[in-house]
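Everything below concerns the one structure shown next.
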Amino acid sequence: FILRYGATFNNQFENLLYRLSAIDAFNDDLVKGIRAFTEQIDGDNGERIKLIDLDGKEATFILDKQEFKLSKGENLNRIHQAISDLFVSEMNKSVLVLSNGIELKKGDTINPYSYSDTVRDKMMRQAIREHFILEKQLLTRNGGRIKPLTLFFIDDIAGYRDEKNQLSGSLKTVFEQMVKAELEHRLQTENDEFLRQYWQTALNDIAKTHGGYFSQDNSDKDDKIEQEVNEILHDKETLLSLANPRRFVFSKWTLREGWDNPNVFQIC
Numbered sequence: 278f279i280l281r282y283g284a285t286f287n288n289q290f291e292n293l294l295y296r297l298s299a300i301d302a303f304n305d306d307l308v309k310g311i312r313a314f315t316e317q318i319d320g321d322n323g324e325r326i327k328l329i330d331l332d333g334k335e336a337t338f339i340l341d342k343q344e345f346k347l348s349k350g351e352n353l354n355r356i357h358q359a360i361s362d363l364f365v366s367e368m369n370k371s372v373l374v375l376s377n378g379i380e381l382k383k384g385d386t387i388n389p390y391s392y393s394d395t396v397r398d399k400m401m402r403q404a405i406r407e408h409f410i411l412e413k414q415l416l417t418r419n420g421g422r423i424k425p426l427t428l429f430f431i432d433d434i435a436g437y438r439d440e441k442n443q444l445s446g447s448l449k450t451v452f453e454q455m456v457k458a459e460l461e462h463r464l465q466t467e468n469d470e471f472l473r474q475y476w477q478t479a480l481n482d483i484a485k486t487h488g489g490y491f492s493q494d495n496s497d498k499d500d501k502i503e504q505e506v507n508e509i510l511h512d513k514e515t516l517l518s519l520a521n522p523r524r525f526v527f528s529k530w531t532l533r534e535g536w537d538n539p540n541v542f543q544i545c
């Protein structure tokens, strides 16, 4: 007999003995379901920035009938003040690449409000809040404790990795302030002794609650970063240990091919 694993098989089988479909797996509690949360964008009045021309050296955008010409390295907040830290990374005569990895061709549009600090901060705050709700559920359940992880996909790598530039408004600084505030708030009313100790350990050193992996890390010789990367990519046992306070993982769009961790309960 033959065993086949996949998600896109046709229905041409002979003498089929057993089939476990995606729906069957979900109904049998073998896989997680998905609950989506969409952040409301304040101030979005339907404005869109459109790329109308590329000559390889300059990109021409239009917003409200006004044209803007940008070269490599220039920030799109020249076009709209709602945009934060989004600039032209590369371009040729057919494709423009933004600093967050998004590719634009002639005729493509973007929503400027989707790239504001306000939206980013709201999404992070919601994800942090939901994470600690999950921790309370999964670490106080009957039948064994489960450590949940939350995965953040970000485009502002410098705002997370650059230790020399951790300004008051940088992504990493804002994130750690949010984690600290949420932990302090929850510790005021939490009675479970294990959870109180687990959260207090995190509060004592917020920096240890998170880590990241980005492709540029492969050439970085920083011992702290090397430890983070090894733990996230290879050492699941350490990452999932309750003695390890790390529960937030940052990356840019994707981790290495084949990377997976069943304890990721939330993606932001």
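For the sequence shown, the positions run 278 to 545 when this note's numbering is used. For glycine and all other residues, C-beta sits at the position ideal for the given N, C-alpha and C.
Query                                                                                                                   : Result
Other residues of its chain near GLY350: CB distance less than 7 Å, five sequence neighbours each side excluded         : PHE364 and VAL365
Same chain, Cβ closer than 7 Å to LEU460, neighbours up to 5 away in sequence not counted                               : TRP476, ALA479 and LEU480
Own chain partners of THR515 with C-beta closer than 8 Å, once the 5 adjacent residues on each side are dropped         : GLU508 and ASN521
MET455 - partner residues in DSSP beta bridges                                                                          : DSSP lists no partner for MET455.
Touch test, the stretch 333 to 340 against the stretch 284 to 301, Cβ-Cβ under 8 Å, three pairs minimum                 : no
Cβ-based burial, LEU280 [other Cβ within 10 Å; buried from 16]                                                          : exposed
Where LEU328 falls: helix, strand or coil (DSSP)                                                                        : strand
Same chain, Cβ closer than 6 Å to LEU415, neighbours up to 5 away in sequence not counted                               : ILE423 and PRO425
Environment of GLU470 [buried if 16+ CB atoms lie within 10 Å]                                                          : exposed
Close beta carbons around SER316, own chain, < 8 Å, minus the five adjacent residues each side                          : Reading off the sequence shown, one finds Glu at residue 316, where the question assumed Ser. Correct list, in chain order: VAL396, LYS399, MET400 and GLN403.
Contact under 8 Å by Cβ, ARG407 with GLN543                                                                             : Just to set this straight, residue 407 is Glu in the shown sequence, not Arg. Yes, the Cβ-Cβ distance between GLU407 and GLN543 is below 8 Å.
For THR427, the first and last residue of its enclosing alpha helix (DSSP H)                                            : Looking at the DSSP string, THR427 is not in any alpha helix (DSSP H); the run it does join, the beta strand (DSSP E), is 426 to 430.
Where the alpha helix (DSSP H) through TYR282 begins and ends                                                           : Here TYR282 belongs to no alpha helix (DSSP H), and DSSP marks it neither H nor E.
Which listed residue (ASP321, LEU472 and PHE278) has its alpha carbon closest to that of SER391                         : ASP321
Distance between ASP394 and GLY436 (C-alpha atoms, nearest Å)                                                           : 12 Å
Coil, strand or helix - PHE409 by DSSP                                                                                  : helix
Three-state class that DSSP yields for GLY488 in the structure shown                                                    : strand
8 Å Cβ cutoff met for ASP362 and ASP433                                                                                 : yes
Residues of its chain near ALA484, where Cβ-Cβ distance is below 8 Å and the 5 sequence neighbours each way are ignored : GLU453
Three-state secondary structure assigned by DSSP to LEU381                                                              : strand
Distance CB(ARG438)-CB(HIS487) smaller than 8 Å                                                                         : no
Backbone secondary structure at VAL308 - three-state DSSP                                                               : coil
Inter-residue CB distance, LYS383 and LEU328 (contact presumed, cutoff 8 Å)                                             : 6 Å
GLN343 - partner residues in DSSP beta bridges                                                                          : LEU340
Assigned secondary structure, LEU373 (DSSP; H/G/I helix, E/B strand, else coil)                                         : strand
The alpha helix (DSSP H) enclosing GLN504, as first and last residue numbers                                            : 500 to 510
Short Cβ contact (8 Å threshold) for THR466 with CYS545                                                                 : no
Given LEU375 as reference, the closest of GLN358, LEU347 and ALA359 once Cα atoms are compared                          : LEU347
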